[in-house]
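Protein chains in written order, with the working numbering: chain A, 1 to 469; chain B, 470 to 718.
Some notes on the structure that comes next.
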């Protein structure tokens, strides 16, 4: 699995636009989640108030992040768990490898975790002789196809049914070649049978966390397939990997996010499973892992605290923004080139990887505002994309031709007496045809659409001449 | 708010927008006509150019602020500033304060998008226009989400004699214009406007209306390139009864 890199955005987007199977899947996807979100929200009268509450809880946590992380660590340890503080992706990979080594683990059952994608865990472990198997259905098909996720909640949203069938036939060669695998339920049944063996055979289980609860030292996952529960309960050790921004103060606070997150993500009132894990198996417990580890990852997040991008750390990874985004709908998630696509990725990726590499992402938005409208924790995503554009502009990273053109235009726009004759002249020139199929320096426009003719005179010149209509 | 009666007419300053100035003066003239019909006295401050959005959204705060300061100065003393564009009105109303810090002189609160001003401030019900047509209406993003412009243009259009509004699927989905976005990422922008054109064509409407020239030029340009007969117009032209006086975009 590999990412194409955010720097390659234009080429990746062009490829996505020309990819017919992908376009078919995107057209289908763009309806479902959005409609279900609106319906679920409308059935809960206090939904908007809960969004405010969710935003406020996150803001409070971010303002006191050190305090809540330390409380989390203290309570996690008190329950018999271990906490590993990791400043970088490499630190996190090494921490996880060290746990595997000390257990003599050769196989890992993985629940869905975007942070594990962020640190490139699977490839790293493979090189170190630990085989990680994705047990989330979507992540599993991606592993079979050697692909990266294209969506943070529905990672295989881009894969068509016939591609599932093909990948299963190629991978599960011990099954009858003439079996029927034509619809979702048959594919699911086969995945269930195959994955069950992985859970039972795995030495360690790894999951992400939707939330970490400071007052109890618990980690929480919201899931629909049950694979997360099996991944963390059956193997000898449960490793949780989570960004430091995932901590919230109390279980009471969790109840707010339980109402807000599933509705925003998939339009569900609750996910099928809401699983809290607190420490390893206790004496008398019927099941559970012998060891419980929480790997806390910074990887650039702390640098976003206290600055223009702090609000982004409120993100609860629900994907409502990408489900609603008209740009994502056209190009899908792979075009964004890294783990986090869509509007949240357009803000987060430059924060974690640098605006030099990811500058295209915050630029590839029309600022239509739909993402901010649906964000359950009210992150002002367009405003933050504009902040990135400002950083980019002030560091002279945008193309010189564009900067020069903009500067020239701004020079005139700030001087009405100079601007007016130019506008008048341009209006005369643009009025010479009924429409323009080609214009110099405007190929981006006229390549695919006409430019309307002007009426021949500028409004200001007509108005000054006393014309009324 | 109820219309004021028996008082002196409101003096309104029109911010025509750079696109209306350059490409479509009839939108500004239609705005004047509507504002006068609503009982306002209209002035057009000479020192206006553009709201500065191209610079602001490109990350060029310095130039955007320079243009913003100039605009604030040009409109000093006017209690009502009306703009026939949701996007430019949104820039003036919602972003100047951020751009200028304390220097914006409470400018934003005095700015109104045209249809919102006519309905929400003037309580205007005197549309006297006839246009036998079935038209689709596209909700431009900034007007819709920054200013809450949704019902006002529809309420006014409902009074146009002979006009039927066709339900446009995904009327609230962006058309792909996005200012400099449409030339920076033309492939994506084109895919978006292609979808919009298909939705418009699917309604069977003879015309497409919206309240923002940027979006209108984008959609008109695409429909025209596809050879579509759909005529594209700014909502003000139709409300002012000027649809027969000016060729569509």
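Glycine included, C-beta positions come from ideal geometry on N, C-alpha and C.
Around the beta carbon of residue 609 of chain B, 16 or more other beta carbons lie within 10 angstroms, which makes this residue buried.
In the DSSP assignment, residue 549 of chain B is bridged to B:481. Residues of chain B with a Cβ closer than 8 angstroms to the Cβ of residue 358 of chain A do not exist, since the nearest Cβ in that chain sits about 14 angstroms away.
Within the model, the alpha-carbon separation for residue 125 of chain A versus residue 139 of chain A is close to 16 angstroms. Classified as buried, residue 583 of chain B has 16 or more neighbouring CB atoms from the shown chains inside 10 Å of its CB. DSSP places residue 668 of chain B inside the alpha helix (DSSP H), whose first and last residues are 655 to 672.
Spanning the alpha carbons of residue 165 of chain A and residue 96 of chain A requires a straight line of approximately 33 angstroms. Contact between the segment 3 to 10 of chain A and the segment 216 to 231 of chain A is not established, with fewer than three Cβ pairs separated by less than 8 angstroms. Residue-level contact by beta carbon holds for residue 389 of chain A and chain B, with a gap shorter than 7 angstroms. In the three-state scheme derived from DSSP, where H, G and I count as helix and E and B as strand, residue 222 of chain A is classed as strand.
The secondary-structure analysis by DSSP pairs residue 273 of chain A across a beta bridge with A:223.
Counting only the Cα atoms, residue 178 of chain A lies some 46 angstroms from residue 375 of chain A.
Contact annotation for residue 419 of chain A against chain B: 518 [CB-CB distance below 7 angstroms, chain order]. In the three-state reduction of the DSSP assignment, residue 565 of chain B falls in the helix class, which pools H, G and I. By a beta-carbon distance limit of 8 angstroms, residue 644 of chain B contacts residue 688 of chain B. Their separation comes to about 5 angstroms.
The Cβ neighbour count for residue 527 of chain B, taken over all protein chains shown within 10 Å, is at least 16; the residue is labelled buried.
At a C-beta separation below 7 angstroms, residue 330 of chain A has these neighbours in chain B: 657, 660, 661. Residue environment: residue 478 of chain B is assigned as exposed (fewer than 16 neighbouring CB atoms within 10 Å of its CB, all protein chains considered). Going by C-alpha positions, residue 328 of chain A is about 10 angstroms away from residue 16 of chain A. Taking C-alpha positions only, residue 419 of chain A is separated from residue 428 of chain A by approximately 14 angstroms.
In its chain, beyond the 5 residues on either side, 630, 631 have a beta carbon closer than 6 angstroms to the beta carbon of residue 599 of chain B. Sorting B:642, B:496, B:647, B:483 by C-alpha distance to the C-alpha of residue 714 of chain B places B:496 at the top.
In this structure residue 42 of chain A is exposed. Its beta-carbon is surrounded by fewer than 16 other beta-carbon atoms within 10 angstroms. Contact between the segment 572 to 592 of chain B and the segment 537 to 555 of chain B is present: 3 or more CB-CB pairs across the two stretches fall below 8 angstroms. Contact between the segment 359 to 367 of chain A and the segment 312 to 327 of chain A is present: three or more C-beta pairs spanning the two stretches fall below 8 angstroms. Taken in chain order, the unbroken stretches of alpha helix (DSSP H) that lie wholly in the segment 480 to 512 of chain B and span 4 residues or more are 487 to 491, 494 to 506.
Counting only Cβ-Cβ distances below 7 angstroms, residue 327 of chain A has contacts in chain B at 657, in chain order. For residue 120 of chain A, the three-state secondary structure derived from DSSP is coil.
Considered as a whole, the segment 301 to 331 of chain A harbours 301 to 304, 320 to 324, 326 to 331 as its complete alpha helix (DSSP H) runs of no fewer than 4 residues, in chain order. Per DSSP, reduced to three states, the secondary structure at residue 581 of chain B is strand. In the DSSP secondary-structure assignment, residue 436 of chain A is bridged to A:451. The C-alpha of residue 172 of chain A lies about 44 angstroms from the C-alpha of residue 253 of chain A.
Pairwise C-beta distances place the segment 509 to 522 of chain B in contact with the segment 536 to 550 of chain B, as three or more of them are shorter than 8 angstroms. Annotation: residue 657 of chain B to residue 10 of chain A spans about 9 angstroms, alpha carbon to alpha carbon. Bridge pairing for residue 702 of chain B: B:678 [DSSP]. Rounded to the nearest angstrom, the gap between the Cα atoms of residue 292 of chain A and residue 144 of chain A is 29 angstroms.
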